[in-house]
Amino acid sequence: MTETQALQLFKCLADKSRLQILKSLAREDLYVERLSERLGLSASTVSFHLRKLTEAGAVTAHKSQYYTIYALNRSLFETKLLDVLEERPEDWELQRRRDEAYRQKVLDAFFEDGRLRAIPAQLKKKRIVLAEIARAFEPGRSYPEREVNLILAAFHDDFCTLRRDLVGEGFLTRAGGLYQKEEQH
102 MTETQALQLF KCLADKSRLQ ILKSLAREDL YVERLSERLG LSASTVSFHL RKLTEAGAVT
162 AHKSQYYTIY ALNRSLFETK LLDVLEERPE DWELQRRRDE AYRQKVLDAF FEDGRLRAIP
222 AQLKKKRIVL AEIARAFEPG RSYPEREVNL ILAAFHDDFC TLRRDLVGEG FLTRAGGLYQ
282 KEEQH
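Residue numbers 102 to 286, in the numbering used here, belong to the letters of the sequence shown in order.
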């Protein structure tokens, strides 16, 4: 389901009458007049809502003799909400460029000639800075604390805080006195 389709569906679901129509169609396929009687709405109101639901893909229609029978599009409602949220947004490339521009702005503000001017107080900026520093470590390789301190001292004099923050934010792990960069970072 695309972002546009999801928005159209969510708008349809935000109306009580449409939700009542969908609940009725979840029990059985119905025609306009029967829905009108069941819900206490005029036939023209039900037709209006059915048209919106059909446009959103929530309802399908087929002819049976004189009537148009409406049915719930069950496959649409089997889609997990998490699947919709995890789908790449339509403006993903624009968002990615904005994220990269923000990341670069933070790095430019806190680094000068490869050295960290100050450790950011704001968590989102600190995570960007820590991610940049973590690039100095090879994934999967074990580092003794002394070597970690030497690497971090090249970035900032307060290497103890950097080391603690790198571990605390999950960029490095510590076990048995050895540090290791996590694969996903």
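Cβ coordinates follow ideal geometry from the N, Cα and C atoms, glycine included.
Since the model is a prediction, treat every value here as computed from it, not as a measurement.
Under the three-state DSSP convention, the category residue i falls into
i	result
ARG218	coil
Residue i: first and last residue of the uninterrupted alpha helix (DSSP H) it sits in
i	result
TYR203	193-211
ARG135	133-140
THR262	260-269
LYS124	117-128
Straight-line gap, residue i to residue j (C-alpha atoms, nearest Å)
i	j	result
PHE238	LYS282	6 Å
LEU253	ILE234	8 Å
ARG242	ILE122	60 Å
Strand pairing of residue i, partner residues [DSSP]
i	result
HIS163	ILE170
THR274	GLN281
PRO245	LEU279
PRO240	LYS282
C-beta contact flag for residue i and residue j at 8 Å
i	j	result
PHE272	ALA232	yes
THR103	GLU191	yes
GLU160	VAL147	Reading off the sequence shown, one finds Val at residue 160, where the question assumed Glu. No, the pair does not count as a contact, with Cβ atoms beyond the cut-off.
ALA157	CYS113	yes
LYS227	ASP258	no
Limits of the beta strand (DSSP E) - the one that residue i falls within
i	result
LYS153	Where LYS153 is concerned, there is no enclosing beta strand (DSSP E), although the alpha helix (DSSP H) it sits in stretches over 144-156.
THR105	Looking at the DSSP string, THR105 is not in any beta strand (DSSP E); the run it does join, the alpha helix (DSSP H), is 104-114.
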